[in-house]
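Working notes, beginning with the structure itself.
Number of protein chains: 2
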Amino acid sequence: MASPSFGFLSKVRKRITPSPSDARAEQAMVRRLLREIKKTKGPHLSALLCGSMARNTHLRGDRDLDIFVFYSPKLKRESFEKNGLQLAHKIFGKHFHEEVYSEHPYVRGNIDGFDVEIVPTYKVEKASDKLSAVDRTPFHAQYMRKHLSKQQCGEVRLLKQFLKGIQAYGADVKNQGVPGYLVEILILRYGTFLKAVQAMSQWKNNTVIDLEEQHSTPQDALKQFNNTHLLVIDPTDMSRNVAAALSFNQFARMIMAARQFLAAPKERFFFAHESPSMTLPQIKSHLAMQELMGIHFPFPKETVEDVMWGQLLRVSKKMQHGLEAKDYCIRRHFFWTDGQEHAFIIFDVENPSLQSSKLRIGPSVFDATHVEHFLRAHPKPLSGPRIEEGKVVLEIPRAFPEFKGALKEEAQLTAQTEKSPLREALHQFALLDEGQIIALAKKNKSFQHALSAFLKGKESFL
Amino acid sequence: MASPSFGFLSKVRKRITPSPSDARAEQAMVRRLLREIKKTKGPHLSALLCGSMARNTHLRGDRDLDIFVFYSPKLKRESFEKNGLQLAHKIFGKHFHEEVYSEHPYVRGNIDGFDVEIVPTYKVEKASDKLSAVDRTPFHAQYMRKHLSKQQCGEVRLLKQFLKGIQAYGADVKNQGVPGYLVEILILRYGTFLKAVQAMSQWKNNTVIDLEEQHSTPQDALKQFNNTHLLVIDPTDMSRNVAAALSFNQFARMIMAARQFLAAPKERFFFAHESPSMTLPQIKSHLAMQELMGIHFPFPKETVEDVMWGQLLRVSKKMQHGLEAKDYCIRRHFFWTDGQEHAFIIFDVENPSLQSSKLRIGPSVFDATHVEHFLRAHPKPLSGPRIEEGKVVLEIPRAFPEFKGALKEEAQLTAQTEKSPLREALHQFALLDEGQIIALAKKNKSFQHALSAFLKGKESFL
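In the order they appear, the protein sequences are chains R and V. Position 355, counted from 1, in the first sequence is what my numbering calls 355; the numbers after and before it change by one each time, with no gaps. Position 310, counted from 1, in the second sequence is what my numbering calls 310; the numbers after and before it change by one each time, with no gaps.
Listed below in structure tokens is the structure:
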């Protein structure tokens, strides 16, 4: 086998670096905003560009501009929040903007094509002194500006794009992947993109990265963080794992993708090569091999699409657990929304019909009190009671011997336990069988595409 | 609730104690046999009646007469076996008898209605010096004759009959229950039948009984015996657990039955109240609630029925494991033979039809070599490869999406791994569906009865 060549990386690098004219426009916008904040009256002390644009590690086309406005730690929380919002509203003026609430409220909007966030923050001495959740961020900006070389900024871009390509970039609920700050730490740790990928391909479970050696040993650090799969100590705050949002599966995917890339490096690792949708006949023949059934419900009112993806993730997992408790074996589930009108949760079920009777495994014979309750609770079983493996067991009629009924029940139960407006939306659910799923795919190309990807169920890098 | 009354026990006691005329006949037969052995020429030293008749703890109608013939430990194994058989053949004369081989050969037969066994044994100093497996038995006889009071012999009978009634008596493969010698030890330990049952009802897991306190502590003993559920140290040999053959489930059943008996003592605990067979319509309506499917095969040639029950137990467990590996969830299985022509193994299967595709869970991403093999072994999966919970998974077509096919395959595979004559018998298997199972029950009352008991699946004491 020929030794793999990485020559194409310079092409990738060029494609993902903002052009000189992009950079000029970005800098002009930053200067303009900082100037406006400075001349606006209020108790704020100063303002600072944070985020990847501040470190020059942002990807081309990524026009996020995060401006942090500093307030004295002596300022009461209430005035801090009020003044922060007032200032931001003034700066945005007539440009589109909205208040967003994460730990405290801030404003985001769009000015001349830039996605701008104006975030109030306390000016604290050390990251660990933080009074609000975002107070740590300016320390990150400072740390990276001090340590990342110009050359390394380019390497950060390559690694970010690689992680984007394998869908492991972003620490949000949907991705459970790698945040930008972590990518920067990896480049500081390993030096270059290629060395980082080589290291990644060799990662074992319980990998520890502690740039500033803030913990005495990796074992020591792991103990404090409950042996997580990847522990990356924040160089500005030793009590924080920068990789906290990275799921175990994303961690495993990164390792596998790194290995595959090193064995056969290709540009398509960086630019997720969207696999074409299946045709409707292909979908039909695929569905003949498995049992899909799901629910449709309207997109809940006044909900942000991003938030809804998180809700779908949570709700579909909850329903899956409920269905499993009813003895249905769910192989995979799939959720999708168009972000406006429709939401879908679809299950791939191993055993769509069960026996009409159900085994009830009661307490151990040693537990006399519970045995008595159990026997009294089931005075006329279909079969039993008997003792199996030391436990009292019996059979009773099964409430939901068909998956359809179980799914209906589970959707109703789930709706009841959710809050508005998801609750109202879920209450309007309709069951979807395979015919309806196919009909939906026929009507909506984007759904067809998502369904195809689910049915193929293939990692782009495998 | 009225305090339970145990007055009926005297009635039970009377029913299970051999009558004076029984006892006279038994003693006459023992004397006759011992006399004949004494006057027969050969290297044997003496003879002794062992077993429960020797201790006067045998149940009425139980006419087992075990005579042990002693040889010098200096006698070579070969002469020991040869002389033992020769002597026994002479004693049985024209009465029906056969050679049986357990660890060494001996002869059993029937003389005037008594089931007689004549077993050669080495006359050793201590039970632990034993040269052959049976050399321990005479020490048991000696120990019990020394320690059991006349009164306690009656208590042993009650406890034996109680264990018979709940089907926990006998240490054979089919019962995995309590041997007679253990019943005697329990009476020595607890004093009376009622006290023994009271103790039993309170037993916890890892109960230890060490009459002669041969081990320093129960914990110590348990460690040596791998923490078994019930450890009863043989008073004549501290390295032996008299309860070794008792399964965990039988142990649990004894505890539960004891508790039920004490709460509502009834005569039927002693005399297994045979529940009537279901009618055919009852069987049909029961089968509508579950999925039964099985195999029939001819009774293997020249096989003893007892041995066959053991084979059925083993083979049906093996098949169950094979079916489970094919993703079928077996709730229970049931086997039956008429001891002459037919044998049946029937499974109660939770999921008789599965999807046409099957999830293959491959190695962990961390195991690069096996991941590579796995991916190469499945070049064109139906879906995947993808990474789930850190493992490479994919879907492939399922070989046996219907239970019927899986059962057929499993029966063929099992036949191949068995030895003659079971192998030949299994090779002639036929699949049984519910219709055929009902037809069988219609034709064979004994099968109908066994099937009914299986379908009811109810402990007589619950």
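Glycine included, each C-beta is placed from N, C-alpha and C at the ideal position. As the structure is a computational prediction, the values presented were derived from the model and not from experiment.
Item checked: Cα-Cα separation, Val371/R to Gly109/V -> Looking up residue 371/R in the first sequence gives position 371. Looking up residue 109/V in the second sequence gives position 109. Whole-angstrom Cα-Cα distance: 46 Å.
Check: Do the region 258-275 of chain R and the region 168-178 of chain R make contact, defined as three or more Cβ pairs closer than 8 Å?
Finding: no
Notebook entry, point to check: Mind pulling the chain V residues with CB within less than 8 Å of Met256/R?
Noted result: For the purposes of this step, residue 256/R is identified with residue 256 of the first sequence, where counting begins at 1. Correct list: Val365, Val371, Ile387, Val392.
Next item on the list: Please name the residue, chosen from Phe297/R, Lys146/R, Leu432/R, Ile330/R, that lies closest to Glu350/R on a Cα-to-Cα basis.
Entry: Counted from its first residue, the first sequence places residue 350/R at position 350. Residue Ile330/R is the option with its Cα nearest to Glu350/R.
Next item on the list: Over the uninterrupted alpha helix (DSSP H) stretch that includes Met200/V, give me the two end residues.
Entry: Along the second sequence, one-based indexing puts residue 200/V at 200. Segment 193-202, the alpha helix (DSSP H) holding Met200/V.
Notebook entry, point to check: Nearest to Pro120/V by alpha carbon, out of Phe68/V, Gly310/V, Thr192/V?
Noted result: The count along the second sequence starts at 1 and reaches residue 120/V at position 120. Ranking the options by Cα distance to Pro120/V, first place goes to Phe68/V.
Note to self: Looking at the secondary structure, which residues open and close the beta strand (DSSP E) in which Thr423/R lies?
What the structure shows: Against the first sequence, residue 423/R aligns to sequence position 423. Looking at the sequence provided, one finds Arg at residue 423/R rather than Thr. Element bounds for Arg423/R: not the beta strand (DSSP E) but the alpha helix (DSSP H), 422-427.
Check: Going by C-alpha distance, which of Leu182/R, Val134/R, Glu98/R, His89/R is nearest His104/R?
Finding: On the first sequence, residue 104/R is found 104 positions in, with the first residue counted as 1. Considering only alpha carbons, the answer is Val134/R.
Checklist line | Reduced DSSP category for Arg407/R - H, G, I as helix; E, B as strand; rest coil | finding: Your numbering for residue 407/R matches position 407 in the first sequence. For the record, residue 407/R in the displayed sequence is Leu; it is not Arg. Of the three classes helix, strand and coil, the one that applies to Leu407/R here is helix, per DSSP.
Next item on the list: Jot down the residue ranges of each uninterrupted alpha helix (DSSP H) in the region 219-279 of chain R, minimum 4 residues, whole runs only, in chain order.
Entry: 248-263
Checklist line | Own chain, CB closer than 7 Å to Leu131/V, minus 5 neighbours either side, in chain order | finding: To locate residue 131/V, count along the second sequence from 1; it is residue 131. Taken in chain order, the residues that qualify are Pro73, Tyr122, Val124.
Item checked: DSSP beta-bridge partners of Tyr143/R -> As a position in the first sequence, residue 143/R is number 143, starting the count at 1. Per DSSP, none; premise fails for Tyr143/R.
Notebook entry, point to check: What does Lys458/V touch in chain R if you count any residue whose Cβ is under 9 Å from its own?
Noted result: The residue given as residue 458/V occupies position 458 in the second sequence. Those are Pro381, Ser383, Gly384, Pro385, Arg386, Leu394, listed as they occur along chain R.
Notebook entry, point to check: Which of the three DSSP states, helix, strand or coil, is assigned to Leu413/R?
Noted result: As a first step, residue 413/R must be located in the first sequence, where it is residue number 413. Helix at Leu413/R.
Margin query: Taking contact to mean 3 or more Cβ pairs, one atom from each stretch, closer than 8 Å, check whether the region 402-413 of chain V and the region 421-431 of chain V are in contact.
Written below: yes
Check: Is the Cβ of Phe452/V closer than 8 Å to any Cβ of chain R?
Finding: Working through the second sequence from its first residue, we reach residue 452/V at position 452. Per the sequence presented here, residue 452/V reads as Ser, with Phe not at that position. No, Ser452/V does not count as interfacial toward chain R.
Notebook entry, point to check: How should Thr236/R be labelled, buried or exposed, when 16 other C-beta atoms within 10 angstroms of its C-beta is the threshold for buried?
Noted result: Sequence index remark: in the first sequence, residue 236/R carries index 236 (1-based). Answer is buried; the Cβ neighbour count reaches 16.
Next item on the list: Would you check if there are 3 or more beta carbon pairs closer than 8 Å linking the region 4-17 of chain R to the region 25-34 of chain R?
Entry: no
Margin query: If the criterion is Cβ atoms closer than 8 Å, does the pair Ala257/R and Phe269/R meet it?
Written below: Position 257 of the first sequence, counting from 1, holds the residue named residue 257/R. Position 269 of the first sequence, counting from 1, holds the residue named residue 269/R. Yes; because the gap between Cβ atoms is below 8 Å, this pair is in contact.
Checklist line | Proximity test, Cβ basis, 8 Å: Met1/V and chain R | finding: For the purposes of this step, residue 1/V is identified with residue 1 of the second sequence, where counting begins at 1. In this prediction, Met1/V has a pLDDT of 47, which is less than 50 and means its spatial position is unreliable; what the coordinates show is noted afterwards. Closer than 8 Å: no.
Next item on the list: Sort out for me which residues DSSP pairs Lys358/V with in a bridge.
Entry: Here residue 358/V corresponds to residue number 358 of the second sequence, with the count starting at 1. In DSSP, Lys358/V forms a bridge with Ile396/V.
Checklist line | Inter-residue spacing [alpha-carbon to alpha-carbon] between Ser277/R and Ser285/R | finding: If you number the first sequence from 1, residue 277/R lands on position 277. If you number the first sequence from 1, residue 285/R lands on position 285. Roughly 14 Å separates the two Cα atoms.
Margin query: Which residue wins for smallest C-alpha separation from Ile345/R, given the options Met319/R, Lys326/R, Ser356/R, Val307/R?
Written below: Counting from one through the first sequence, the residue named residue 345/R turns up at place 345. Of Met319/R, Lys326/R, Ser356/R, Val307/R, the residue nearest in Cα terms is Met319/R.
Next item on the list: Kindly indicate which residue of Lys326/V, Lys458/V, Ile255/V has the alpha-carbon position closest to the one of Pro379/R.
Entry: For this step, residue 379/R is matched to residue 379 along the first sequence. Per the Cα distances, Lys458/V.
Item checked: Proximity winner among Met238/R, Leu194/R, Leu451/R, relative to Glu213/R (alpha-carbon distances) -> Locating residue 213/R in the first sequence gives position 213, where the first residue counts as 1. It is Met238/R whose Cα lies nearest to the Cα of Glu213/R.
Note to self: Below 9 Å on C-beta distance, what does Asn175/V contact in chain R?
What the structure shows: For this step, residue 175/V is matched to residue 175 along the second sequence. Within chain R, no residue comes near Asn175/V; the closest Cβ sits about 14 Å away, beyond 9 Å.
Check: Within the chosen definition, does the region 308-326 of chain V reach the region 440-449 of chain V through at least 3 CB pairs nearer than 8 Å?
Finding: no
Note to self: Mapping the DSSP letters down to three states, classify Pro401/V as helix, strand or coil.
What the structure shows: Translated into the one-based positions of the second sequence, residue 401/V becomes position 401. Three-state result, Pro401/V: coil.
Item checked: 6 Å Cβ shell around Leu48/R - same chain, five flanking residues per side excluded -> By 1-based counting over the first sequence, the position of residue 48/R is 48. Closer than 6 Å at the Cβ level, and outside the excluded window around Leu48/R, lie Phe68, Pro138.
Check: What's the C-alpha gap between Arg55/R and Leu188/R?
Finding: Locating residue 55/R in the first sequence gives position 55, where the first residue counts as 1. Locating residue 188/R in the first sequence gives position 188, where the first residue counts as 1. C-alpha separation (whole angstroms): 13 Å.
Next item on the list: Give the single residue among Asp129/V, Pro281/V, Glu274/V whose Cα lies nearest to the Cα of Ile438/V.
Entry: Position 438 of the second sequence, counted from the first residue, corresponds to residue 438/V. Of the candidates Asp129/V, Pro281/V, Glu274/V, the one whose C-alpha sits nearest the C-alpha of Ile438/V is Pro281/V.
Notebook entry, point to check: Where are the beta strand (DSSP E) runs, 3 residues long or more, that stay fully inside the region 277-322 of chain V, in chain order?
Noted result: 292-298
Next item on the list: Tell me, please, which residues DSSP counts as bridged to Asp115/V.
Entry: What you label residue 115/V is simply residue 115 of the second sequence in a count that begins at 1. Note: Asp115/V sits in a beta bridge opposite Asp64/V, Asn110/V.
Check: Quick one: what's got a C-beta closer than 6 Å to Gly322/V's C-beta in the same chain, skipping five residues either side?
Finding: Counted from its first residue, the second sequence places residue 322/V at position 322. If we look at Gly322/V and ignore the five residues flanking it on each side, its Cβ neighbours are Glu410.
Note to self: Going by DSSP in three states, Pro138/V sits in which element: helix, strand or coil?
What the structure shows: Counted from its first residue, the second sequence places residue 138/V at position 138. Three-state result, Pro138/V: helix.
Checklist line | Residue-level contact to chain R via CB, Ser356/V, 8 Å cutoff | finding: Here residue 356/V refers to the residue found at position 356 when the second sequence is read from its first residue. By this cut-off, Ser356/V is an interface position.
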